[in-house]
Structure formats: C-alpha cells, structure tokens
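Take the sequence shown: its position 158, counted from the start at 1, is 235 in the numbering used here, and no numbers get skipped. I have placed the structure first, in the form of structure tokens, so that the comments after it can refer back to it.
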Amino acid sequence: MYIKINGIEQYIMIKGEDLRNPVLLYLHGGPGLSGITKEPLMRNLEKLYNVVYWDQRGAGKTYERNHQSKQILDAKNKPTIDNMIEDTRQVVAYLKKKFHQDKIAILGHSWGSVLGSEFVLKYPKDVLYYIGVGQVSNAMEDERIVYEHLYDVVKRSGNKEDLKALDKISKYPYLKDENEIFKDLVMIRTLQAKYKIINMIIKPTTKSQETYNRNGPIYSNIYKYMMGFDLYKTPNYKIPVYYILGMDDWQVPTVNAIKYFYKINAPKKELFLIPNAGHSTMTDQPRAFYNALKVLRERK
78 MYIKINGIEQ YIMIKGEDLR NPVLLYLHGG PGLSGITKEP LMRNLEKLYN
128 VVYWDQRGAG KTYERNHQSK QILDAKNKPT IDNMIEDTRQ VVAYLKKKFH
178 QDKIAILGHS WGSVLGSEFV LKYPKDVLYY IGVGQVSNAM EDERIVYEHL
228 YDVVKRSGNK EDLKALDKIS KYPYLKDENE IFKDLVMIRT LQAKYKIINM
278 IIKPTTKSQE TYNRNGPIYS NIYKYMMGFD LYKTPNYKIP VYYILGMDDW
328 QVPTVNAIKY FYKINAPKKE LFLIPNAGHS TMTDQPRAFY NALKVLRERK
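Here you go:
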C-alpha cells in the first residue's frame, strides 16, 4: 500500500502472523533495489515479527509512483542522506502508531545498513534494536579490501588480461569522483562474479549498467555521501546492536564489519557469523538466519 511519507507517496508491504509480535522494518540495499521483492525469500521471518518491506525513495514501487512527474529528481525530493533518514523516521512513526508499539526493530542490509545505522544513532528512542546484515562500516575501505582480495584471486588464476584490467584501476576506489567509482565498481563486480567470489543471478554487466543508467541521476547525492561514510567515527549506541554476517561476504567484506563491531559500545551487542553465506545472508542460509533472529526474538 502507498502512504504519504515526507512529501511523496511511498510503498510498504506488511506481513506477519500475529499482530502482537514486534515490528521489524527491513531496509533494503542498493540504493535503488526494491524491498518488497525480498518478501517471498524472507517469509519465514513473518513467524517471528510483523515484517515491513518498504521500497525506499527512488526504488521499486515508490519510484514507479513518482518518476513520471520527474518529482523524484526535484532538488527537494531527490534522495539525500538527510531526507532518507527523515523518510525512515516517518515510516517508523507510522508503524508505531499502527501497531501501538513504542519501539520498532530495524534490519539494515548493505546500503540499508548505512541508512539503518545512521537512523538508530539519531533516533535511538524509536528503536527496539538494530540488526546489521552485509554491514557497511567504512565504504571506501570496504571497496579497497574488495579490490585487494579480487586482485589476489585473479593473480593466482594466471589470467593476464583480467589482471591488466585491475592494474589500470590500481588506486581504486580513491582519487576518483562518484561516477568513476561506480564505473569501476561495475568491472569489479563483474570479475567477482566471474571468479565466483560473489553470486549474481542476473548477468552483472547488464544489471550494473542498467542500475547505473537509472540510479545514477537519482542517487548521485547518496553516492557522494557514501564516499565519506565511516562508522568508526561513531561507535557509541544507545540501543542493542546485532550483526548477522555471512562469512563469505566479499561484496561488503565481513572482515571489516567484524573489526568495527568490536569497537561498538552498546547496552547489548552480539555477532552471528553464518558459514557458507555471502552478502545476502538471509537468502544464502535462510535457516541459520532465521535461527539467529529467533534467538533475538526470544531474548528478554
């Protein structure tokens, strides 16, 4: 259903088996991917929570509702970190009122972990706890780790052509603007998929280029913001923080998320490391992911 959020109509889907269960707001990745497409893959979580799938500003059905009027590209409505945090605040306020609950659990995945972390740091009184999946801690450092790992894999393979392509962007992701970084990212993700470092259901070159063509103008402010995103500067939380990380995540490297996790100060914190899972832990290992959330759900 569509609800008016921060000046535009935005789409949410609510699924659950018991209205008395806590509300879990799922913040999808991208930016620009759809949240509601994850519902069939995350349906088991609806036994534990009233799960809210939201297509954020510029994504999915929210994009479809607003793009023809070009409203989404207006300076006032174009995604920025500030208006997306405000979007989140208004969605949370709507859910608190609808379910008569004082606090909402937040699950942030990939880009959603950036938005989610920023939100819970700013509005802790609205949050039951935060769950980070594919957690971004420092975007530029994450990408540097990705590059170095990929370089080692390609070098061991003996593929001189691919190694030469990586040598051409040896400073990645530094000393570049957001458009150059995104174009290099297309190549990085393509090679990661080629060497089976990450899973991509859709051909990565096609998917990445289409994403860039549509999302580039919409999310240019977010891409610039991401270049300076660094959670290491803000390790203090007023709410419980839980990370559920795939041990094989080389899209947003788990090694860096773990490093940051141990610097977090929070009333409670716990790290769940899921074997044989990559960036999308909830779909790579759904049973293990469910069990981790079940532990949190049963905790007093």
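From the three backbone atoms N, C-alpha and C, an ideal C-beta is built for every residue, glycine too.
DSSP on residue i, reduced to helix/strand/coil?
i, result
"R110", "Checking the sequence, you will find Leu at residue 110 rather than Arg. L110: coil per DSSP, three-state reduction."
"F349", "strand"
"A182", "strand"
"K81", "strand"
"W35", "Nothing can be reported for residue 35: it is not among the residues displayed for the chain, which extend from 78 to 377."
"G135", "coil"
"L119", "Before going on, a small fix: residue 119 reads as Met here, not Leu. DSSP places M119 in coil when its eight states are reduced to three."
"I158", "helix"
"K248", "coil"
"E225", "helix"
"E94", "coil"
Nearest-angstrom Cα distance between residue i and residue j?
i, j, result
"I274", "I183", "28 Å"
"I279", "R233", "At I279, the pLDDT of 43 sits below 50, so the modelled position is not reliable and the matter cannot be decided from this model."
"K315", "L322", "22 Å"
"A270", "S214", "23 Å"
"K284", "L198", "Residue placement at K284 cannot be trusted, given a pLDDT of 48 that sits under 50; what the coordinates show is reported in the next sentence. Distance between the alpha carbons of K284 and L198: 33 Å."
"A354", "D229", "21 Å"
"P344", "Y337", "16 Å"
"K138", "V231", "39 Å"
"I222", "P330", "7 Å"
"D95", "L172", "15 Å"
"N143", "Y88", "11 Å"
"K81", "S194", "24 Å"
"N308", "N98", "It is worth fixing the name first, because residue 308 is Leu in this sequence and not Asn. Distance between the alpha carbons of L308 and N98 is about 31 Å."
"V263", "N256", "11 Å"
"D159", "E141", "22 Å"
"P156", "K310", "23 Å"
"T165", "S297", "19 Å"
"K115", "K180", "23 Å"
Would you give the residue range spanned by the alpha helix (DSSP H) that residue i belongs to?
i, result
"Y337", "T331 to F338"
"G193", "W188 to K199"
"I208", "Taken as a continuous stretch (DSSP letters only), I208 belongs to no alpha helix (DSSP H), being part of the beta strand (DSSP E) at V204 to V210."
"T267", "E255 to K271"
Considering residue i, what are the terminal residues of the beta strand (DSSP E) in which it resides?
i, result
"N298", "No beta strand (DSSP E) contains N298, which is instead part of the alpha helix (DSSP H) from S297 to M303."
"Y367", "First-last for Y367: P363 to E375, but that is the alpha helix (DSSP H), not the beta strand (DSSP E)."
"Y103", "V100 to L104"
State the CB to CB distance for the pair residue i and residue j, rounded to an integer number of angstroms; the pair is presumed to be in contact (CB under 8 Å).
i, j, result
"V191", "M303", "7 Å"
"G211", "L104", "The Cβ separation is near 11 Å, so there is no contact."
"M119", "M359", "6 Å"
"I295", "G109", "7 Å"
"N333", "D261", "Going by Cβ atoms, the distance from N333 to D261 rounds to 19 Å, so no, they are not a contact pair."
"F349", "Y320", "7 Å"
Just to confirm before moving on: does the CB-CB distance between residue i and residue j stay below 9 Å?
i, j, result
"R266", "Q328", "yes"
"P306", "M161", "It is Phe, not Pro, that sits at residue 306 in the sequence shown. No, Cβ-Cβ distance for F306 and M161 is not below 9 Å."
"V169", "V128", "no"
"P363", "N121", "yes"
"I246", "Y300", "no"
"S187", "N276", "no"
"P250", "Y224", "yes"
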